[in-house]
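S.K.:
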Amino acid sequence: MSDRIPTTHAGSLPRTPELLAANAAREAGRADGSHEQLLAEAVRDLVARQRDAGITVPGDGEYGKSMTSPVDYGAWWTYSFSRLGGLELTGDNPIAGEPRRSEPGHVVLSTFADRRDWTRFADAYSDPTSGIALGPAREWPTCTGPLTYTGGAALASDIANLQAGLAAAGVEQGFLTALSPGSASRLPNTHYATEEEFIWACADALREEYVAIVESGLVLQVDDPSIAENWDQVVPEPSVDDYVAFTKIRVEALNHALRGLPEDRIRFHLCWGSWHGPHTTDLPLAEIVSTMLEINAGSYSFEAANARHEHEWRVWDDVALPEGKVIVPGVVSHATNVVEHPELVADRIERFADRVGRDRVVASTDCGLGGRIHPSIAWAKLEALGQGAEIATGRLWRR
């Protein structure tokens, strides 16, 4: 039993200018050998800063997942390109390409640029003054051979850096993020005969990452926007039943990759893509929450603070959280530059605690803060999160 509301975040945190420059140099083949030491020192300082902000379960900020500019927030996904064998650059790009169409009973993903929200607000997404304009397209790799996991050395560095940072800061527990099979498989594929085969191959390869993180004693956070975000990438809008059936294989593949691992060391993160935009075609949480709870994790992280999803705390009036499970709702948003008042953060925490129990709530952010908002604002939000959790703790434990 805890005596307080724990706090954490969804993974990505702002990189220092020095780390960004070192990452860019390494990506360009100009590394001078100091990158590993700089990375280790940056993670150590980051863990201490999270502790001081009131975060009780810190992460490494995804610092080991190379990010080369302050607005490059795709490292949560693109890091896998260098850790999976069987991928190569071929000129294919899932952002563009020929749009695909679904039919009743047969759901397929269209191109990223064909999303229904992006189409509905095309003028805004293409307007560089709108604040939501899409960045330049980059080239993604294609799966052209058998998938293997090749990221052992990079992962070992991530684990060692976070463990050292936790020890230096006197913090007991921390977490590392890893990509889900469902999200990893959204790359072009010319090797596997079917989409299902490709997803299962991703599961087998990524299991090595999952096992290593859990066996290190850290918490594994599986990042999987695909199970909710894919909805917006299906054109025309499918029935919920068809979409859930389409998503089941992604859940089954993830559970296969997590087999035998202790659920209390696993956190599942769901979001709706988290780009800054209207999000008018997001799938309601109520339609996917049961599918999420089928994933073999001990805790479930999800967006709950942004203007499109904050009202969905009411879902937990009707959904029974399985015994022994914990929810990790976002109570500060990455989607606004306004820093939430700690009293509002406390109110949000209490809504969930009133429904599932105070010992089954961990307060978090909606999604990663690195690259989404200015670093000074990101840190102010983490401080508001810590302060709000203190307020909520005082109220909930006085009852």
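Taken in order, the sequence shown gives residues 4 to 402; the numbers are from the working numbering.
The C-beta atom is built at its ideal place from N, Cα and C for all residues, glycine as well.
Among all the DSSP beta bridges, which residues are the ones paired with ILE269?
M.R.: LEU223
S.K.: Tell me which residues share the same chain as GLY134 and place their Cβ nearer than 8 Å to its Cβ, disregarding the 5 neighbours each side in the sequence.
M.R.: HIS279
S.K.: Go ahead and label GLY108 buried or exposed: buried means 16 or more other beta carbons lie within 10 angstroms of its beta carbon, across all protein chains shown.
M.R.: exposed
S.K.: Using 10 angstroms around the beta-carbon of LYS251, count the other beta-carbons present and answer buried if the total reaches 16, otherwise exposed.
M.R.: It is exposed - the Cβ of LYS251 has fewer than 16 other Cβ atoms within 10 Å.
S.K.: How big is the Cα-Cα spacing for LEU41 and LEU22?
M.R.: 7 Å
S.K.: Would you grab the beta carbon distance between GLY220 and LEU150 for me? Rounded to a whole angstrom, and I think it's under 8 Å.
M.R.: The Cβ separation is near 27 Å, so there is no contact.
S.K.: Starting from PHE201 and walking both ways along the alpha helix (DSSP H), at which residues does that stretch end?
M.R.: 198-218
S.K.: So the candidates are PHE124, TRP143 and THR145; which of them puts its Cα closest to the Cα of ALA136?
M.R.: PHE124
S.K.: Put ALA13 into one of helix, strand or coil per three-state DSSP.
M.R.: In the three-state DSSP reduction, ALA13 falls in the coil class, being neither helix nor strand.
S.K.: Helix, strand or coil, according to DSSP, for VAL329 in the structure here?
M.R.: Strand, per DSSP.
S.K.: Would you call the region 314-323 and the region 263-273 touching, i.e. three or more CB-CB distances under 8 Å?
M.R.: no
S.K.: Measuring straight from C-alpha to C-alpha, what distance separates ILE376 and ALA392?
M.R.: 22 Å
S.K.: For a quick check, are the C-beta atoms of ILE352 and VAL365 less than 7 Å apart?
M.R.: No, the Cβ-Cβ distance between ILE352 and VAL365 is not below 7 Å.
S.K.: Where in the region 7-59 do unbroken runs of the beta strand (DSSP E), each at least 3 residues long, occur, reported from the N-terminal end onward?
M.R.: none
S.K.: Excluding five sequence neighbours on each side, which residues of the same chain lie with their C-beta closer than 8 Å to the C-beta of ARG29?
M.R.: HIS38 and SER69
S.K.: Using C-beta distances below 7 Å, list every residue in its chain close to SER229, excluding the 5 sequence neighbours before and after it, in chain order.
M.R.: SER183, GLY185, SER186, ARG189 and ARG253
S.K.: Are there 16 or more other CB atoms within 10 angstroms of the CB of ASP6, so buried, or fewer, so exposed?
M.R.: exposed
S.K.: Between the alpha carbons of PRO191 and PHE249, how many angstroms are there, rounded?
M.R.: Spanning the two alpha carbons is a distance of roughly 18 Å.
S.K.: Among the residues of its own chain, which have a CB less than 7 Å from the CB of VAL174, if the five just before and after it don't count?
M.R.: VAL50, ARG54 and PRO61
S.K.: List the residues that DSSP assigns as beta-bridge partners of SER304.
M.R.: HIS272 and VAL331
S.K.: Could you tell me the alpha carbon to alpha carbon distance between ASP362 and PHE355, rounded to whole angstroms?
M.R.: 11 Å
S.K.: CB THR180 to CB GLN224, shorter than 7 Å?
M.R.: Yes; because the gap between Cβ atoms is below 7 Å, this pair is in contact.
S.K.: Name the residue from VAL217, HIS272, PRO144 and TRP203 whose alpha carbon lies nearest to the alpha carbon of ASP227.
M.R.: HIS272
S.K.: What number of angstroms, rounded off, separates the C-alpha of THR132 from the C-alpha of GLU212?
M.R.: 40 Å
S.K.: Quick check on TYR403: does DSSP put it in helix, strand or coil?
M.R.: Outside the displayed span of the chain (4 to 402) sits residue 403, for which this structure offers no information.
S.K.: Smallest Cα separation from GLN166: which of ALA383, ARG86 and ALA43?
M.R.: ALA43
S.K.: From what residue to what residue does the alpha helix (DSSP H) around ALA163 run?
M.R.: 155-172
S.K.: Provide the residue span of the alpha helix (DSSP H) that contains ALA181, from first to last.
M.R.: Careful: ALA181 lies outside any alpha helix (DSSP H), inside the beta strand (DSSP E) at 178-182.
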